[in-house]
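**Q** Below are the structure tokens for one structure; questions will follow.
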Ligand SMILES: Cc1cc2nc3c(=O)[nH]c(=O)nc-3n(C[C@H](O)[C@H](O)[C@H](O)COP(=O)(O)OP(=O)(O)OC[C@H]3O[C@@H](n4cnc5c(N)ncnc54)[C@H](O)[C@@H]3O)c2cc1C
């Protein structure tokens, strides 16, 4: 199959597919990875995707845990702080990194993967058919065109996706676009700053400042509608964060959009990552969304290429688009709350944030980027009356005895995780007994239940005790495993 786009989402998807035994050709219009830093933050759920792709330890070596989010008013006073630490997923709740470092880690892994091949300097210009798919590909040096045929195509070709246009999909706006100046800095000596993300909640000049990794720092300033970058007093703005003496390694203007595609699939042509959604930066989740797309789609695509019914691919948009829409809307809302309005809005903001930080559960929720539970569907058998059911949510990844992590113990396929509950009759897959893993957290989380876990670690079904009997809530169809 062909992946269009060798950005972080495309290469992660290619690794996940190749690790499932699929031969993958990745095409990109550029010979090298995008050199400019863009994403700087990933959460622990995203790290689990990198773990599945076999690169989480290499990523950990080029990233560092993030301390949390601190909201400041225009005068630099702290309004609220949301700390980040160890999470439920076996990785720090937030990690800071430079996107080119991540892309290098991913490309190194791809180069070592015998089933995957990357071809740079070629642009996909046209798709015909929906499976098999004929791709027209243009060499960027010579202009020569050639035709390739693929049994499936994954469009990971970013914000201006050609694949999206070819399947007739359109982006739908979920909020206004905004212009921001993004400045990357290097300091000779470490700056005495808080090791988390500082967000200045100020309607006049909203700004963000954060240490990235090593000697690198990132500052972002919202630009007014007709303001030119050249008119800004950059030294003065950086001085507010004690960063006036740093070397500016790049400064670029971005227009952030809040958009989700209205269609994510035509036959065996599917969209992932920025090709399917674009989010404002407030919760640092654009790439995180795309990595989740790749994780939740790779096993389905591999199953279909292995003979499962193509209807399995219907669940891609059905499962991922609601998450993308809710996250983009949340980013727009938080952006308004943090940076909107005049003096009255600043007073409301102070009041709301004081309330939020006084209620620990609300504070944890505000800072959380947890994937919301998937809606019930063919691959998610949620019981009708079971509040608090884990079905549709990610299985946590608490520590287990030994050198492996829980996801590695579960293996790449469907698995039953049990704490003494039942296993479906004639279950062909792996059964993992929590009490034998030396993980009291997992045993506690299971509360005596058995859960059926999909390859992307989402709980698909749970066995419940009913009138003294254990019963599975309609586990998904065996043919789609
Ligand atoms: C300033 C900034 C800060 C950000 N911060 C964060 C953050 O902290 N956390 C976070 O999660 N996200 C963040 N993001 C978003 C994140 O960078 C993107 O979501 C991510 O890069 C998307 O990856 P992708 O692989 O989908 O697309 P891209 O990285 O855009 O890759 C697309 C690839 O497709 C190739 N391509 C395009 N068209 C074709 C074609 N026709 N044929 C062949 N190849 C093609 C391109 O050359 C490119 O290599 C930030 C973005 C910006 C701009």
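Numbering (our numbering), first residue to last: 33 to 513.
Beta carbons are placed, not taken as given, at the ideal position from N, Cα and C, and that holds for glycine.
State the DSSP-derived secondary structure class of residue 95, mapped to helix, strand or coil.
**A** Residue state, collapsed to three classes: coil.
**Q** At a cut-off of 8 Å, would you count residue 188 as near ligand 1, judging by its Cβ distance to the nearest heavy atom?
**A** Under cutoff, so the answer is yes.
**Q** I need the straight-line Cα distance from residue 493 to residue 336, nearest angstrom please.
**A** For residue 493 and residue 336, the distance between alpha carbons rounds to 21 Å.
**Q** For a test of the three-state rule: what should DSSP assign to residue 482, helix, strand or coil?
**A** Correct three-state label for residue 482: strand.
**Q** For residue 340 and residue 291, what's the separation of their Cα atoms in angstroms?
**A** Those two C-alpha atoms are separated by around 32 Å.
**Q** Within 10 Å of its beta-carbon, does residue 313 have 16 or more other beta-carbons around it, so buried, or fewer, so exposed?
**A** By the 10 Å Cβ count, residue 313 comes out buried.
**Q** Report yes or no: do the stretch 195-210 and the stretch 347-361 share at least 3 C-beta pairs separated by less than 8 Å?
**A** Output reads yes: the stretch 347-361 touches the stretch 195-210.
**Q** Which residue's Cα is closest to the Cα of residue 86: 59, 44 and 60?
**A** Comparing Cα-Cα distances from residue 86 to each of 59, 44 and 60, the minimum goes to 44.
**Q** Residues in the same chain with beta-carbon distance under 7 Å from residue 286, minus the five sequence neighbours each way, listed in chain order, please.
**A** Only 212 and 214 meet the Cβ criterion.
**Q** Tell me which residues share the same chain as residue 308 and place their Cβ nearer than 6 Å to its Cβ, disregarding the 5 neighbours each side in the sequence.
**A** Answer for residue 308: 293 and 296, listed in chain order.
**Q** Does the Cβ of residue 258 have 16 or more other Cβ atoms within 10 Å, making it buried, or fewer, making it exposed?
**A** Its Cβ having fewer than 16 others within 10 Å, residue 258 is exposed.
**Q** Where does residue 160 sit, in a helix, a strand or coil, going by DSSP?
**A** In the structure shown, residue 160 sits in a strand (DSSP, three-state: E or B).
**Q** Does the stretch 411-430 come into contact with the stretch 464-482, if we say contact requires no fewer than three beta-carbon pairs (one atom in each stretch) closer than 8 Å?
**A** Judged by Cβ distances under 8 Å, the stretch 411-430 makes contact with the stretch 464-482, as three or more pairs qualify.
**Q** Using 8 Å as the Cβ pair cut-off and three pairs as the minimum, do the stretch 220-238 and the stretch 251-271 touch?
**A** The stretch 220-238, when compared against the stretch 251-271, does touch it at the 8 Å Cβ threshold.
**Q** Hey, how far is the Cα of residue 61 from the Cα of residue 156?
**A** Approximately 8 Å, taken between the alpha carbons.
**Q** Cα-Cα, which of 280, 100 and 112 is closest to residue 118?
**A** Of the listed residues, the one whose Cα sits closest to residue 118 is 100.
**Q** Alpha carbon to alpha carbon, what distance is there between residue 310 and residue 191?
**A** Near 7 Å, if we compare the C-alpha coordinates of residue 310 and residue 191.
**Q** Quick one: any contact between the stretch 92-108 and the stretch 52-70, if contact means 3 or more CB pairs under 8 Å?
**A** Flag = no, the stretch 92-108 and the stretch 52-70 do not touch.
**Q** Beta carbon of residue 481, beta carbon of residue 461: below 9 Å?
**A** No, Cβ-Cβ distance for residue 481 and residue 461 is not below 9 Å.
**Q** Look at the Cβ atom of residue 183, then the Cβ atom of residue 200, and state whether they are nearer than 9 Å.
**A** Contact flag unset, no.
**Q** Just the C-alpha distance for residue 158 and residue 63, rounded to the nearest angstrom, thanks.
**A** Their backbone Cα atoms lie some 20 Å apart in a straight line.
**Q** Quick one: what's got a C-beta closer than 7 Å to residue 403's C-beta in the same chain, skipping five residues either side?
**A** Closer than 7 Å at Cβ, skipping near neighbours: 77, 324, 355 and 426.
**Q** Give me the DSSP bridge partner(s) of residue 273.
**A** Paired residues: none, contrary to the question.
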